[in-house]
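Asks: So that we are looking at the same thing, I have put the structure below in structure tokens.
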Amino acid sequence: MAIVSIPNAVATSERPAKSRRINRTRLPAALALLPTALIVLVVYIGCMLWTVRLSFTSSTLLPKLDWVGFAQYSRLFMNDRFLVSAENILIFGVLFISGCLILGFLLAVFIDQNVRAEGVFRTIFLYPYSMSFVVTGVAWQWFLNPGLGLEKLVRDMGFESFTFDWLVNQQMAIYTIVIAGLWHGAGLTMAILLAGLRGVDAELWKASRIDGIPVWRVYLSIVLPLLRPMVVTATVLLAVGVVKLYDLVVAMTLGGPGIATEVPAKFVMDHLFERNNIALGTAAATVMLITVVAILAPWVYAKYIRPQGRPA
Amino acid sequence: MTTVIPQGSRPRRLTAGRIGIYAFLITAALFFTLPLWIMIVTSLKPMDEIRLGNILAWPANLTFDAWVKAWSSACTGLECNGISVGFWNSVRILIPSVILSIAAGAINGYALSLWRVRGANLLFGILLLGAFIPYQVFLYPLVRIFSTTGIYNSLLCIIIVHVIFGLPTMTLLFRNYYTGLPIELFKAARIDGGGFWTIFFRVMLPMSTPMIVVAAILQVTGIWNDFIFGLTFAGRENLPMTVQLNNIVHSTQGERAYNVDMAATMLAALVPLVVYFVSGRWFVRGIAAGAVKG
């Protein structure tokens, strides 16, 4: 994974004597990268800065380029819908990430016990990941709807007073989204961690068996720390997915009941394209950007900047 | 419990531990298959049976009416042409987007891994970070750019967007793949006088089949499942299947036809499911390759 500096290894020895000639032969390579460089400059950097700039204006239906300082941000943090969105994404994030990691780890460990039909189990655990969030949302909305879904099923089995109305319950609706999210994403975590488990040295298992250490203890105290890089990668991927959460909510609850399952990405989309409040929408988008940077910065630092700073 | 042996090939006896392992795995498998099962059986039932019957039960009066209706006459708002419209839109979006983004990724990866271009590492670094930024940060300015150039809400627009946001993963995949090839191959081609494009088309591309398969799996499922770009950039005429499915489910007036909804959902899930079950291990490989972003 330490790939960032590999091009330096290529053709370093040719450099001093014939640099002009090589520059000419490298021209096609530079030209081939030019479109990507333009896209990075215009889209990835340009659009991002533009969005940040718009968040300091009073734009409503059309973009303006005035300057109102942090007025939109103070409005944003007074806005009920945004505060509910922020709280929801926090609840969803914590439960979804920890749930995926725990369930994914358990599935990976149990699959790793030399079970029959391992391939069948793996296929079953991972297939939801191939489907879209819209499909996931619609499927779970149908299964969890109180009228004809799970609640009716259990009542028909004889438990007349059974109630499961989370989907339409203001307090509980966000947890139905967590369940659907877990169903969709746990298999990915399993796949990443299973790859890690398969890389654990067989000697370690022999040694721990000779020492008579219980298997669960080996997993918890020895294997889990060994899997740290995979756990970190999975966590970062899941966390970035959390910030992007949008389609699942739209398909499953449309942010309802009321505003009970609103999330920041939906807040941005609604304000940009439906409520004609560009400045507030871009301010919320900027807050999302800052959140992602705050999540990523320690990871990028630990993975790339700190190791390179050390003397080789 | 210590009799559970995780590795090696001892004869397997049915101990309490092993029963526990299978019990857990089978329960988990039920949790993962349940929604798919419910979708399938619901889509095959008439509405009366859905209202009165058991949600898990196999249909008593098996009918494909809901599938026919979902495909050809379900309503999205005012139009009632079924989800087939969305299906063909998705196909028209998918094919050029997949081909172009793989081509772009292969060329970028090749130029970044085997040619020393000044600033290339910086370019690659920014591109990779870009993969993590929420799309909401780019959407509004992009909409403005596209409407100024007059291609907003068109097939071309949505294809360009898919290529742009596919760049990070595709570039990373091919860059890592070409970096892993023996460098002598490239040097020999250089000594024989091969230029940038000659080496790419004659040496590198013919060796890239495994990566092209992985990239195609990633892009086909990713683009087929996209919702937010289709909604924002494709325009009413080109809405992809995911957006149409959402419209069908949320805009039906009167009583909801759950069987039609579920048939439409199954239809929308079909392409990625087929890709997943046919590609098997390649799909996992694709996810793993995409998951090691950065």
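These protein sequence lines are chains G and W, in that order.
Using UniProt numbering, read the first sequence as starting at 1 and increasing by one per residue.
Using UniProt numbering, read the second sequence as starting at 1 and increasing by one per residue.
Note that beta-carbon positions come from the ideal geometry of N, C-alpha and C, so glycine has one too.
As the structure is a computational prediction, the values presented were derived from the model and not from experiment.
1) For Phe229(W), return the contacting residues in chain G, with the cut-off set at a CB-CB distance below 7 Å.
2) Under 9 Å, do Val52(G) and Leu254(G) count as touching if we go by C-beta distance?
3) Ile102(W) and Gln219(W) look like a contact to me (Cβ under 8 Å); what is the Cβ gap, rounded to whole Å?
4) I need the straight-line Cα distance from Ala60(W) to Ala263(W), nearest angstrom please.
5) Indicate the three-state DSSP secondary structure (helix, strand or coil) for Arg274(G) in the structure shown.
6) Applying a beta-carbon distance threshold of less than 8 Å, which residues of chain G neighbour Asn54(W)?
7) Determine whether the beta carbon atoms of Thr233(G) and Ala180(G) lie at a separation below 9 Å.
8) Is Met211(W) close to chain G, meaning its C-beta is less than 9 Å from at least one C-beta of that chain?
9) Can you tell me the Cα-Cα spacing of Met170(W) and Thr63(W), whole angstroms?
10) Specify the secondary structure class of Glu255(W) as computed by DSSP and reduced to three states.
11) So His250(W) contacts chain G; which residues on that side make the cut at Cβ distance below 7 Å?
12) Going along the stretch 234 to 260 of chain G in order, which residues come within less than 9 Å of chain W, judged by CB to CB distance?
13) Does Gln219(W) get closer than 9 Å to chain G when you measure Cβ to Cβ?
14) For Thr57(G) and chain W, any beta-carbon pair shorter than 9 Å?
15) Inspect the beta-carbon positions of Phe105(G) and Val242(G) and report whether they are closer than 9 Å.
16) Using a beta-carbon distance below 9 Å, is Leu150(G) in contact with chain W?
17) At a Cβ cut of 8 Å, what residues of the stretch 152 to 174 of chain W count as close to chain G, listed as they run along the chain?
18) Closest to Thr76(W) by C-alpha separation, out of Phe277(W), Asn54(W), Glu237(W), would be which residue?
19) Count the C-beta pairs between the stretch 36 to 47 of chain G and the stretch 136 to 151 of chain W that are closer than 8 Å, then say yes if the count reaches three, no if not.
20) I'd like to know whether the C-beta atoms of Met230(G) and Leu107(G) end up nearer to each other than 9 Å.
21) Rank Trp166(G), Val40(G), Lys303(G) by C-alpha distance to the C-alpha of Phe124(W) and give the top, closest one.
22) Taking the alpha-carbon positions, what's the Val117(W) to Ala37(G) distance?
23) Quick check: is the beta carbon of Thr181(G) nearer than 9 Å to any beta carbon in chain W?
24) Taking a contact to mean a Cβ-Cβ separation below 9 Å, would you say Thr221(W) touches Val278(W) in this structure?
25) Does any CB atom of chain W fall closer than 9 Å to the CB of residue 330(G)?
26) Here's the rule: buried if 16 or more other CB atoms are within 10 angstroms of the residue's CB, otherwise exposed. What is Val98(W)?
27) Is the CB-CB distance between Tyr140(W) and Phe229(W) below 9 Å?
28) Which whole runs of the alpha helix (DSSP H) in the stretch 90 to 174 of chain G are 4 residues long or more, in chain order?
29) Using beta carbons (cut-off 9 Å, strictly below), is Trp282(W) in contact with chain G?
30) Please compile the residues from chain G whose C-beta is within a distance smaller than 8 Å of the C-beta of Val275(W).
31) In the structure shown, what three-state DSSP assignment does Glu262(G) receive?
32) What residue from Ala294(G), Pro298(G), Thr282(G), Trp299(G) has the CA that sits closest to Pro63(G)'s CA?
33) Since Thr198(W) is in the alpha helix (DSSP H), which residue starts that stretch and which ends it?
34) Contact criterion: CB-CB distance below 9 Å. Does Asp65(W) meet it with respect to chain G?
35) Should Asp226(W) be flagged as near chain G, meaning a C-beta pair shorter than 9 Å?
36) Identify which residue in Glu274(G), Val109(G), Asp80(G) has its Cα closest to the Cα of Leu197(G).
Replies: The short version:
1) The count along the second sequence starts at 1 and reaches residue 229(W) at position 229. Those within 7 Å of Phe229(W) in chain G number zero; the least Cβ separation is about 11 Å.
2) Position 52 of the first sequence, counted from the first residue, corresponds to residue 52(G). Position 254 of the first sequence, counted from the first residue, corresponds to residue 254(G). No, they are not a contact pair.
3) On the second sequence, residue 102(W) is found 102 positions in, with the first residue counted as 1. On the second sequence, residue 219(W) is found 219 positions in, with the first residue counted as 1. With a contact defined as Cβ atoms closer than 8 Å, Ile102(W) and Gln219(W) qualify at about 7 Å.
4) Stepping through the second sequence from its first residue, residue 60(W) is reached at position 60. Stepping through the second sequence from its first residue, residue 263(W) is reached at position 263. Roughly 17 Å separates the two Cα atoms.
5) Translated into the one-based positions of the first sequence, residue 274(G) becomes position 274. Inspection of the sequence shows that residue 274(G) is occupied by Glu rather than by Arg. Here DSSP, grouped into helix, strand and coil, assigns Glu274(G) to coil.
6) Against the second sequence, residue 54(W) aligns to sequence position 54. Listed along chain G, the residues sitting closer than 8 Å to Asn54(W) by beta-carbon distance are Leu153, Asp156.
7) Walking along the first sequence from the start, residue 233(G) turns up at place 233. Walking along the first sequence from the start, residue 180(G) turns up at place 180. No, Cβ-Cβ distance for Thr233(G) and Ala180(G) is not below 9 Å.
8) Taking the second sequence and counting its residues from 1, the one referred to as residue 211(W) is at position 211. Output row for Met211(W): interface = no.
9) Taking the first residue of the second sequence as 1, we reach residue 170(W) at position 170. Taking the first residue of the second sequence as 1, we reach residue 63(W) at position 63. Near 43 Å, if we compare the C-alpha coordinates of Thr63(W) and Met170(W).
10) Position 255 of the second sequence, counted from the start, is the residue given in the question as residue 255(W). Coil, per DSSP.
11) One-based indexing of the second sequence puts residue 250(W) at position 250. Correct list: Leu254.
12) Those would be Ala234, Val236, Leu237, Val240, Val243, Lys244, Tyr246, Asp247, Val250, Ala251, Leu254, in chain order.
13) The sequence position of residue 219(W) within the second sequence is 219, counting from 1. Chain G places no beta carbon closer than 9 Å to that of Gln219(W), leaving this residue out of the contacts.
14) Here residue 57(G) corresponds to residue number 57 of the first sequence, with the count starting at 1. At a cut-off of 9 Å, the C-beta of Thr57(G) has no neighbouring C-beta in chain W.
15) Counting from 1 along the first sequence, the entry for residue 105(G) is found at position 105. Counting from 1 along the first sequence, the entry for residue 242(G) is found at position 242. No.
16) Along the first sequence, read from residue 1 onward, the residue named residue 150(G) stands at position 150. Interface with chain W (9 Å Cβ-Cβ cutoff): Leu150(G) is included.
17) Near chain G, meaning a CB-to-CB distance below 8 Å, the residues of the stretch 152 to 174 of chain W are Ile164, Leu167, Thr171.
18) Start at 1 with the first residue of the second sequence, and residue 76(W) comes out as number 76. Just measuring C-alpha positions, the residue of Phe277(W), Asn54(W), Glu237(W) sitting nearest Thr76(W) is Glu237(W).
19) Judged by Cβ distances under 8 Å, the stretch 36 to 47 of chain G makes contact with the stretch 136 to 151 of chain W, as three or more pairs qualify.
20) The residue labelled residue 230(G) in the question sits at position 230 within the first sequence. The residue labelled residue 107(G) in the question sits at position 107 within the first sequence. Not in contact: Met230(G) and Leu107(G) (Cβ atoms no closer than 9 Å).
21) Numbered from its first residue, the second sequence carries residue 124(W) at position 124. Put simply, of Trp166(G), Val40(G), Lys303(G) the residue whose alpha carbon is nearest the alpha carbon of Phe124(W) is Val40(G).
22) For the purposes of this step, residue 117(W) is identified with residue 117 of the second sequence, where counting begins at 1. For the purposes of this step, residue 37(G) is identified with residue 37 of the first sequence, where counting begins at 1. The straight-line gap from Cα to Cα measures roughly 12 Å.
23) Here residue 181(G) corresponds to residue number 181 of the first sequence, with the count starting at 1. One detail in the question is off: residue 181(G) reads as Gly in this sequence, not Thr. No - not a single Cβ of chain W is within 9 Å of the one on Gly181(G).
24) As a working mapping, residue 221(W) is identified with position 221 in the second sequence. As a working mapping, residue 278(W) is identified with position 278 in the second sequence. Their beta carbons are not under 9 Å apart, which means Thr221(W) does not touch Val278(W) by this criterion.
25) The requested residue 330(G) does not occur in the structure, where chain G is confined to residues 1 to 312.
26) Counted from its first residue, the second sequence places residue 98(W) at position 98. Result: buried.
27) In the second sequence, the residue the question calls residue 140(W) occupies position 140. In the second sequence, the residue the question calls residue 229(W) occupies position 229. Going by C-beta atoms, Tyr140(W) is not nearer than 9 Å to Phe229(W).
28) Positions of the alpha helix (DSSP H) runs, each at least 4 residues long and wholly inside the stretch 90 to 174 of chain G, are given as 118 to 130, 133 to 144, 150 to 156 in order along the chain.
29) Counting from one through the second sequence, the residue named residue 282(W) turns up at place 282. Chain G contact via Cβ: absent.
30) As a first step, residue 275(W) is located in the second sequence; it is residue number 275 there, counting from the start. Ser130, listed in chain order.
31) For this step, residue 262(G) is matched to residue 262 along the first sequence. Note: Glu262(G) maps to coil in three-state DSSP.
32) Taking the first sequence and counting its residues from 1, one reaches residue 63(G) at position 63. Out of Ala294(G), Pro298(G), Thr282(G), Trp299(G), Thr282(G) has the C-alpha closest to the C-alpha of Pro63(G).
33) The sequence position of residue 198(W) within the second sequence is 198, counting from 1. Boundaries of the alpha helix (DSSP H) harbouring Thr198(W): 196 to 199, taken from the DSSP string.
34) As a working mapping, residue 65(W) is identified with position 65 in the second sequence. False, the Cβ-Cβ gap to chain G never drops below 9 Å.
35) The residue given as residue 226(W) occupies position 226 in the second sequence. At least one CB atom of chain G sits nearer than 9 Å to the CB of Asp226(W).
36) Sequence index remark: in the first sequence, residue 197(G) carries index 197 (1-based). Of the candidates Glu274(G), Val109(G), Asp80(G), the one whose C-alpha sits nearest the C-alpha of Leu197(G) is Val109(G).
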